[in-house]
Amino acid sequence: MDQQALTERLIGYDTSTPEGVSAAAEFIKAWLEARDIEVEAFKVRGLPVLATAVGPKKGEGVATVVFHGHLDVVPARPEQFTPRVDGDRLYGRGAYDMKGALAAMMGAIVDLREIPDVRVVFAVVPDEESEEATERGTDLLVERGYSGDFAITGEPTDLHIGVQAKGVLAMRLEVEGMSAHGATPWLGDNAVLKAIDTFRAIESLQFARESSDLFDRPSINLGRILGGDAHNKVPESCVIDIEIRYLPGQDPEEILGQVGDLADVRIVRHFWRIPAIVDRNNPFVRVLVESVSGFLDKQPLSVGRDGASDAICFINAGVPAIEFGPVGAGHHGPGEWLSIHSLELYRNALVDFIRLIPKRLGEDRHLRIA
């Protein structure tokens, strides 16, 4: 299969469900093993994690690069799991985020089976889109030794190099009101309406007006609203789930403090993941920029991604990790699509990047691996 056919096959699995994730993982494992690439499969919270490696064994002077991606997607309408092609665009849930990148990485790892000088790890997790704060698939990969000197996670970047990603601060807030009969709502204090006002107030807090070198502002989303227990009663309490993608340099504790100072609001629970930051002058980043430039006839940009990713799991383990993926748009939306042409460019750039590393190892003392 070429990368387009592989992407279409992966889109066909509804990987917003555990059953779909398991079926897609079985397909990937079988596909690689049919090409003499042995795959280790293990579980995180009952979901499959896949990992393999090609090239030389770990050793002094051997650079190890990780190709990393996720199988899971956010829920979608049933028809979005039937891939559709319109010109250069391949439509379907996960096409852009990130089954296209996974398919290209699968092709690249086959292309690199006999690479003599660089060890390449390919790892697939089932839970990047999940709300779990602990026991994540990528953390388990790192614990099991599937790490390296540099990691690429195939999140959408339009063939640019994602050297920064916002942090994640997710919180559940309880907003207090006062109940009354639904026929006389003016005698109560509607907690659902107050919750909406609370969200608007959060959008106006000081942290929400800040910016950084790669980001105009933080992202603030009202993901859930749960309130009321009868249609004829003014709700006395309401729970809302807010997700804030905060900027590098911002303090999540300070953001929590600003939210907690709002009237009639209680923070029930929260968790955060720190922003991902990699020096754009990192030697591996420079080699990747050189490789991509050769296929685009221009230098890709160093960009910041509004969305977070599991790249932070590698960074927390001391491994520089960037986001790099093919061209498309609409991820998490009804019209998600991927550029078919960019898939070939992406796969070729990954292969060229790996093959260029040994040459640059000899030229750049900063690329020497201990």
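Residue numbers (this note's numbering): -12 to 357.
Don't be surprised by glycine CBs; every beta carbon is placed ideally from N, CA and C.
Every value quoted in this text rests on a predicted model; they were computed, and no experiment measured them.
Residue i, enclosing beta strand (DSSP E) - first and last residue
{"i": "Gln151", "result": "148 to 152"}
{"i": "Arg76", "result": "76 to 78"}
Pairwise C-alpha distance: residue j and residue i
{"i": "Pro35", "j": "Glu27", "result": "10 Å"}
{"i": "Gly164", "j": "Pro239", "result": "27 Å"}
{"i": "Arg342", "j": "Gly281", "result": "13 Å"}
{"i": "Val265", "j": "Val150", "result": "5 Å"}
{"i": "Leu249", "j": "Thr185", "result": "8 Å"}
{"i": "Gln67", "j": "Ile261", "result": "32 Å"}
{"i": "His147", "j": "Leu288", "result": "5 Å"}
{"i": "Thr39", "j": "Ala110", "result": "7 Å"}
{"i": "Ala50", "j": "Gly215", "result": "57 Å"}
{"i": "Ala10", "j": "Tyr0", "result": "7 Å"}
{"i": "Arg211", "j": "Pro321", "result": "19 Å"}
{"i": "Gly375", "j": "Asp176", "result": "Nothing in the structure corresponds to residue 375, since the chain is present only between -12 and 357."}
Residue environment, residue i, which counts as buried when at least 16 other CB atoms sit within 10 Å
{"i": "Lys153", "result": "buried"}
{"i": "Arg355", "result": "Residue placement at Arg355 cannot be trusted, given a pLDDT of 49 that sits under 50; what the coordinates show is reported in the next sentence. Label assigned to Arg355: exposed."}
{"i": "Gly132", "result": "exposed"}
{"i": "Leu128", "result": "buried"}
{"i": "Phe340", "result": "buried"}
{"i": "Leu174", "result": "exposed"}
{"i": "Phe271", "result": "buried"}
{"i": "Gly312", "result": "buried"}
{"i": "Thr(-6)", "result": "buried"}
{"i": "Asn208", "result": "exposed"}
{"i": "Ala(-8)", "result": "exposed"}
Nearest to residue i (by Cα), restricted to the options the options
{"i": "Val246", "options": "Pro235, Ile227, Asp176", "result": "Ile227"}
{"i": "Val338", "options": "Arg232, Glu101, Trp18, Gly46", "result": "Glu101"}
{"i": "Glu310", "options": "Asp84, Ala17, Ala63", "result": "Asp84"}
{"i": "Gly291", "options": "Glu6, Arg267, Lys285, Gly33", "result": "Arg267"}
{"i": "Pro345", "options": "Gly48, Ala40, Ile15", "result": "Gly48"}
{"i": "Ala167", "options": "Val255, Glu223, Lys16, Leu77", "result": "Glu223"}
heavy atom of the ligand PLP below 6 Å from residue i C-beta
{"i": "Leu180", "result": "Looking at this structure, you won't find the ligand PLP or any other ligand, since it has none at all."}
Limits of the alpha helix (DSSP H) - the one that residue i falls within
{"i": "Pro5", "result": "5 to 20"}
{"i": "Arg91", "result": "Note that residue 91 is Ala in the sequence shown, not Arg. Start and end: 87 to 98."}
{"i": "Ala(-8)", "result": "-10 to -2"}
- Length at least 3, wholly inside the stretch 127 to 207: the beta strand (DSSP E) runs in chain order: Runs of the beta strand (DSSP E) lying entirely within the stretch 127 to 207, each at least 3 residues long, are 137 to 140, 148 to 152, 154 to 163 in chain order.
- Query: If you scan the stretch 221 to 251 from start to end, which runs of the alpha helix (DSSP H) of 4 or more residues do you find wholly inside it?
  - Reply: Within the stretch 221 to 251, the complete alpha helix (DSSP H) segments of 4 residues or longer fall at 239 to 247, listed in chain order.
- Item | Contiguous beta strand (DSSP E) assignments of at least 3 residues, all confined to the stretch 29 to 58 | List check, beta strand (DSSP E) in window: 34 to 41, 50 to 57.
- Item | Inside the stretch 280 to 325 only - beta strand (DSSP E) runs reaching at least 3 residues | Segments of the beta strand (DSSP E) lying fully in the stretch 280 to 325: 289 to 292, 308 to 310.
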